[in-house]
Amino acid sequence: SEGIAITSSIHPDAETHIEPVRYGKGSNALGLLATILTDGGPGMARQLRFLGTVFRHPITFLRSLSVWHWSERSIILLVMQTRDNSIRLLRKRGLFGRKLSSEQGHGEPNPTYIPIANEAARKTADIIGGFGSSTVNEVLFDTPLTAHILGGTPIGPDPDHGVIDGYHRVFGHDGLHVIDGAAIGANLGVNPSLTITAMAERAVSMWPNKGEEDRRAPLGDTYRPIDASR
1065 SEGIAITSSI HPDAETHIEP VRYGKGSNAL GLLATILTDG GPGMARQLRF
1115 LGTVFRHPIT FLRSLSVWHW SERSIILLVM QTRDNSIRLL RKRGLFGRKL
1165 SSEQGHGEPN PTYIPIANEA ARKTADIIGG FGSSTVNEVL FDTPLTAHIL
1215 GGTPIGPDPD HGVIDGYHRV FGHDGLHVID GAAIGANLGV NPSLTITAMA
1265 ERAVSMWPNK GEEDRRAPLG DTYRPIDASR
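The sequence shown finishes on residue 1294 if you use this note's numbering, and the numbering steps up by one all the way, no holes.
In structure tokens, the structure reads:
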């Protein structure tokens, strides 16, 4: 398992983007979340479908339990869609104090089953001579899994409509900037790494060098564009 983590991608339809991902040697813990590939959909609970799949393919199920050299034997398919859905992170009180939890955000309900993702997994498994996997949380708890946590500190013209200004400065906290994925206020539907990099480079390109005048508008004033190349 050597090389770049993500090297290519495909768009199987107008709203879906799939990337093949590899993990480095020894990164096997995520394999504990994987189990035998199970479809969802109306008509039967996902858990019952899972039990039926285990009954029909017991050897494949037993193979899915092993994480021995998992990262070296596996291809992860990162499936992203441009649909208008989201999750909301919040802190809840549990038996052992407060914990981080999630709930449905604005937009469409978050899917726990994406048919084209399972189809891609099966075709990939056929090509490499393996078997497809689902995540345990999806097939047992009907809970989706996300890889890209975005949003939380949206850009806005003032504190009533955002957390940071157009220069990525936090309103009311001079000197504090947010220049990571938290500043992205929408579902991109693709890997956000290049967008995060571009926004971060734009933000820091407008920082003044030591001893130079800060050409950005004062914190709290109306945003004005500046030529960062000057």
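Each residue gets a CB set at the ideal place from its N, CA and C atoms; glycine is no exception.
No experiment lies behind these values; they were computed from the predicted model shown.
- In this structure, does DSSP put residue 1151 in helix, strand or coil? On the sequence shown, residue 1151 is found 87 positions in, with the first residue counted as 1. Three-state result, residue 1151: strand.
- Assuming residue 1246 contacts residue 1215 (C-beta within less than 8 angstroms), just tell me the rounded distance between them. Position 182 of the sequence shown holds residue 1246. Position 151 of the sequence shown holds residue 1215. With a Cβ gap of about 6 angstroms, residue 1246 and residue 1215 count as contacting.
- Item | For residue 1093: DSSP bridge partner residues | The residue labelled residue 1093 in the question sits at position 29 within the sequence shown. DSSP, once it has assigned bridges, lists no residue as partnering residue 1093.
- Query: Quick one, are the C-beta atoms of residue 1279 and residue 1231 less than 8 angstroms apart?
  - Reply: Residue mapping note: residue 1279 aligns to position 215 of the sequence shown, counting from 1. Residue mapping note: residue 1231 aligns to position 167 of the sequence shown, counting from 1. Their beta carbons are not under 8 angstroms apart, which means residue 1279 does not touch residue 1231 by this criterion.
- Item | When 1111, 1255, 1076, 1210 are compared against residue 1100, the one with the closest alpha-carbon | Here residue 1100 is taken as the residue at index 36 of the sequence shown, counted from 1. The candidate whose alpha carbon is nearest that of residue 1100 is 1111.
- Nearest to residue 1165 by CA position, among 1129, 1208, 1193, 1139, is which residue? Locating residue 1165 in the sequence shown gives position 101, counting from the first residue. Nearest option by C-alpha distance: 1208.
- Contiguous alpha helix (DSSP H) assignments of at least 4 residues, all confined to the stretch 1158–1201: 1179–1192
- Would you say the stretch 1181–1191 touches the stretch 1092–1106, given that touching needs at least three Cβ pairs under 8 angstroms? yes
- Beta-carbon separation of residue 1233 and residue 1241 under 8 angstroms? Reading the sequence shown from its first residue, position 169 is the one you call residue 1233. Reading the sequence shown from its first residue, position 177 is the one you call residue 1241. Yes; because the gap between Cβ atoms is below 8 angstroms, this pair is in contact.
- Query: Going by C-alpha distance, which of 1095, 1077, 1244 is nearest residue 1199?
  - Reply: Working through the sequence shown from its first residue, we reach residue 1199 at position 135. Nearest option by C-alpha distance: 1095.
- Message: Quick check on the DSSP output: the alpha helix (DSSP H) that includes residue 1118 runs from which residue to which?
- Response: Along the sequence shown, read from residue 1 onward, the residue named residue 1118 stands at position 54. First-last of the alpha helix (DSSP H) with residue 1118: 1110–1120.
- Would you mind giving the Cβ-Cβ distance between residue 1235 and residue 1229, rounded to the nearest angstrom? I have them listed as a contact below 8 angstroms. Residue mapping note: residue 1235 aligns to position 171 of the sequence shown, counting from 1. Residue mapping note: residue 1229 aligns to position 165 of the sequence shown, counting from 1. Going by Cβ atoms, the distance from residue 1235 to residue 1229 rounds to 7 angstroms, so yes, they are a contact pair.
- Query: Quick one: what's got a C-beta closer than 7 angstroms to residue 1069's C-beta in the same chain, skipping five residues either side?
  - Reply: Within the sequence shown, the letter at position 5 stands for residue 1069. Closer than 7 angstroms at Cβ, skipping near neighbours: 1085, 1086.
- Residue of 1287, 1251, 1223, 1066 minimising C-alpha distance to residue 1150: Position 86 of the sequence shown, counting from 1, holds the residue named residue 1150. Out of 1287, 1251, 1223, 1066, 1251 has the C-alpha closest to the C-alpha of residue 1150.
- Query: Taking three-plus beta-carbon pairs below 8 angstroms as touching, is the stretch 1069–1082 in contact with the stretch 1135–1148?
  - Reply: yes
- Message: Can you check which of these residues, 1284, 1120, 1139, 1175, is closest to residue 1238 by C-alpha distance?
- Response: Numbered from its first residue, the sequence shown carries residue 1238 at position 174. If we check each option's Cα against that of residue 1238, 1284 comes out closest.
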